[in-house]
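Numbering (the working numbering), first residue to last: 280 to 538.
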């Protein structure tokens, strides 16, 4: 029996904004606007709860250069973290002795707070860009490594033995067996690390950087401009959603067999 064209055709997925999400956002906006007008009567400084109009005006004054700089730092660091994490995970998978010595260090790195890494970077390195890149890689890299290594370890032993019976090269073994098995975990790691990197880069840019969203947040804090803080925070959230949507789109295209 052969499948019909309708059965073979991939279903069309149209984007629809969830109604409950829209209602929740509208309710929150109305509540915030009312609270901004009632702030003086409640003894709250007017600048502490800016109106939606003031936040919108702050968003309108945002410069694209700071957004591009922060986005470039995040993307560059995530790519470097992924390459290093994947390479080290493959090496640890191939060498059990290497895993025994390196894995405890990786877990130790993951236990160190982000603030400590930022202070170490300030004390160790003179360049601001290298400091930010170092902090992002040392925070995001171990996540890629641990997730990838766990995914490789979860491949059934029977499949590994069957593949090894054909005497493949190390590259063939990885491409033909391991890579298809770990791709879903890799996409999950990317989603986790995007959220992590967005938060980390903001903190890292507060120390010494003269460009980027973190620097602009620092300037807004010094000027007591809560509207600017909200504006830049909204931009950060929008960047996070945009990057996650791109990764999810690629994931859907590559893993259509799961649908």
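The C-beta atom is built at its ideal place from N, Cα and C for all residues, glycine as well.
All of these numbers come straight from a predicted model, not from anything done at the bench.
Residue 452 is not a Cβ neighbour of residue 421, given a cutoff of 9 Å.
Using a 10 angstroms sphere on the CB of residue 507, the tally of other CB atoms reaches 16 or more, which defines it as buried. Here residue 354 is exposed, its C-beta having fewer than 16 other C-beta atoms within 10 Å. At a Cβ-Cβ threshold of 9 Å, residue 502 and residue 485 do not count as neighbours.
With contacts defined as CB atoms closer than 9 Å, residue 416 and residue 359 qualify as a contacting pair. Within its own chain, the residues whose Cβ lies closer than 7 Å to the Cβ of residue 431, once the five positions on either side in sequence are excluded, are 368, 372, 457, 461, listed in chain order. Between the region 402-411 and the region 465-472, the count of Cβ pairs shorter than 8 Å is below three; the stretches do not touch.
With respect to the C-alpha of residue 307, the residue from 335, 319, 331 having the closest C-alpha is 331. Taking a C-beta distance under 9 Å as the contact criterion, residue 363 and residue 469 do not qualify as a contact pair. Scanning its chain for C-beta atoms nearer than 7 Å, with the 5 sequence neighbours on each side dropped, one finds around residue 385 the residues 421, 424, 425, in chain order. Residue 525 is classed as exposed because its beta carbon has fewer than 16 other beta carbons within 10 Å across all chains shown. With a cutoff of 9 Å on beta-carbon distance, residue 377 and residue 418 are scored as not near each other. About 5 Å separates the beta carbon of residue 334 from that of residue 509, a gap short enough to meet the 8 Å contact definition. Taking the Cα positions, residue 472 is about 10 Å away from residue 479. Per DSSP, the unbroken alpha helix (DSSP H) holding residue 333 starts and ends at 331-339. The three-state secondary structure of residue 527, taken from DSSP, is helix.
Residue 329 counts as buried, since no fewer than 16 other beta carbons sit within 10 angstroms of its beta carbon. Excluding its 5 nearest sequence neighbours in each direction, residue 518 has no C-beta neighbour in its own chain below 6 Å. Assignment of residue 367 by DSSP, reduced to helix, strand and coil, places it in the helix class. Boundaries of the alpha helix (DSSP H) harbouring residue 464: 458-484, taken from the DSSP string. Annotated three-state conformation of residue 314 is helix, per DSSP.
In the displayed model, residue 490 falls within coil according to three-state DSSP, outside both helix and strand. A direct Cα-Cα distance of roughly 41 Å separates residue 398 from residue 301. Across the set 442, 482, 513, 317, the C-alpha of 513 shows the shortest separation from the C-alpha of residue 339.
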